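So the structure is just underneath, and the comments pick up after that.
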Amino acid sequence: MGTAVNPSAGPARSRFQAPQGTTRLLLVEDDRLLSDALSRMLEMAGFTVYVTGFGEDALDLARAYRFDVVVLDLTLPDVAGTQVLQQLHQMRPDTPVIILSGESGLESKIENFLEGADDYITKPFHRDELLARIHAVLRRARAAAPQEVVFGPLALDLVAHRAAVSGIQVPLTGKEYACLEFLATRRGMTVTKEMFLAHLYGGQDEPEMKIIDVFICKLRRKLSEAGAPPVVETVWGRGYTIANEA
Numbered sequence: 001m002g003t004a005v006n007p008s009a010g011p012a013r014s015r016f017q018a019p020q021g022t023t024r025l026l027l028v029e030d031d032r033l034l035s036d037a038l039s040r041m042l043e044m045a046g047f048t049v050y051v052t053g054f055g056e057d058a059l060d061l062a063r064a065y066r067f068d069v070v071v072l073d074l075t076l077p078d079v080a081g082t083q084v085l086q087q088l089h090q091m092r093p094d095t096p097v098i099i100l101s102g103e104s105g106l107e108s109k110i111e112n113f114l115e116g117a118d119d120y121i122t123k124p125f126h127r128d129e130l131l132a133r134i135h136a137v138l139r140r141a142r143a144a145a146p147q148e149v150v151f152g153p154l155a156l157d158l159v160a161h162r163a164a165v166s167g168i169q170v171p172l173t174g175k176e177y178a179c180l181e182f183l184a185t186r187r188g189m190t191v192t193k194e195m196f197l198a199h200l201y202g203g204q205d206e207p208e209m210k211i212i213d214v215f216i217c218k219l220r221r222k223l224s225e226a227g228a229p230p231v232v233e234t235v236w237g238r239g240y241t242i243a244n245e246a
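For the sequence shown, full-length UniProt numbering gives the first residue as 1, with consecutive numbering after it.
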């Protein structure tokens, strides 16, 4: 990275700060020194950073978490970065992806933009340029993002993190609402209990898996008492889902 990003030096506090609240960023970079430098810099800027150097791990993380933005290097040891981009775009079409690449040719840029990339940064780059570009794609994504998910009389306010039935708020706990939103934003997809645990606890002090059944049971009861349709379905032996036709 030359003088643009010095992996051995701790980052100065940036004038670019992540928006208030938890802004999750997935960094996919197999160069350990560069990855460490970038993750420290991004954390200093206020992001919650998840890091991996492997494409398959990146896809697993994207299945388990909903990221606000992905920073993806094209040169990975297991899967070509462009293939990871393709699958990320299919899986999470609303999640912006910024490509990092040592390839400055026009052909590479066009190929990745056509595959769904939202921005393309050529190495070496200045850290403030990366942060500015991250904030730019976040602004565009949030301006276009849905503010509400509706299932008949049941509505989820994705900004205020509230659920209401026929306009009356349902008294859900934070974990119950998080389970409902996690399912609602993955409509038609089976969400495993492992995915719930990773989303709710982030690998920190995770309880036993049966706690997910408890959360879902309470969630279903409260929604039913409020008059909501039974949208949360059990996929036996796998997890839970909200069907596309719900």
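Note that beta-carbon positions come from the ideal geometry of N, C-alpha and C, so glycine has one too.
A quick note: this is a predicted structure, and the numbers were derived from the prediction, not measured.
Next on the checklist: Ser35 and Val49 - do their beta-carbons sit closer together than 7 Å?
Outcome noted: Cβ distance not < 7 Å, so Val49 and Ser35 don't count as in contact.
Checklist entry - The alpha helix (DSSP H) with Leu76 in it runs from where to where? => result Per DSSP, Leu76 lies in no alpha helix (DSSP H) and is assigned neither H nor E.
Checklist entry - By DSSP, does Gln169 sit in helix, in strand, or in coil? => result Correct three-state label for Gln169: strand.
Item to check | Under the three-state DSSP convention, the category Arg221 falls into | outcome: Reduced to three states, the DSSP call for Arg221 is helix.
Item to check | Through-space distance from Val191 to Pro11, alpha-carbon basis | outcome: Any reading at Pro11 must be qualified, since the residue scores a pLDDT of 40, below 50, and its modelled position is unreliable; the value itself is stated next. Pro11 and Val191 have their C-alpha atoms some 37 Å from each other.
Next on the checklist: Contact defined as beta carbons within less than 8 Å: I believe Val28 pairs with Val70. What is the distance between those atoms, to the nearest angstrom?
Outcome noted: Confirmed, Cβ separation roughly 7 Å.
Next on the checklist: Closer than 8 Å is the cut-off here; do at least three beta carbon pairs connect the region 151-162 with the region 83-97?
Outcome noted: By the C-beta criterion, the region 151-162 is judged not to be in contact with the region 83-97, since fewer than 3 inter-stretch pairs fall below 8 Å.
Checklist entry - Which residues in the same chain as Ala243 place their Cβ atom closer than 8 Å to its Cβ, once the five residues preceding and following it in sequence are excluded? => result Within its own chain, the residues whose Cβ lies closer than 8 Å to the Cβ of Ala243, once the five positions on either side in sequence are excluded, are Arg187, Gly188, Val231, Glu233, listed in chain order.
Checklist entry - Of the residues Leu183, Ala198, Met195, His199, which one's Cα is nearest the Cα of Arg220? => result Cα-wise, what sits closest to Arg220 is Leu183.
Item to check | Start-end ranges of the beta strand (DSSP E) lying completely within the UniProt domain "Response regulatory" (24-138), minimum 3 residues | outcome: Those beta strand (DSSP E) runs which fall completely within the UniProt domain "Response regulatory" (24-138) and span 3+ residues are 24-28, 48-52, 69-73, 97-101, 119-122.
Checklist entry - First and last residue of the beta strand (DSSP E) that includes Gly239? => result Boundaries of the beta strand (DSSP E) around Gly239: 239-242.
Checklist entry - In this structure, does DSSP put Glu208 in helix, strand or coil? => result If DSSP states are grouped into helix, strand and coil, Glu208 belongs with coil.
Item to check | For Glu225 and Met41, the rounded distance between their alpha carbons | outcome: Roughly 47 Å between the two C-alpha positions.
Next on the checklist: Among the candidates Gly53, Ala62, Arg139, whose CA atom is the shortest distance from the CA of Phe196?
Outcome noted: Per the C-alpha coordinates, the member of Gly53, Ala62, Arg139 positioned closest to Phe196 is Ala62.
Item to check | Inter-residue Cα distance where the pair is Ile211 and Glu176 | outcome: When rounded, the distance between both Cα atoms is 11 Å.
Item to check | Reference Met44; option with closest CA among Leu25, Cys179, Gly53 | outcome: Restricting attention to Leu25, Cys179, Gly53, the CA atom closest to the CA of Met44 is found in Leu25.
Next on the checklist: Check this for me: beta carbons of Ile99 and Leu72, under 7 Å apart or not?
Outcome noted: Yes, Cβ-Cβ distance for Ile99 and Leu72 is below 7 Å.
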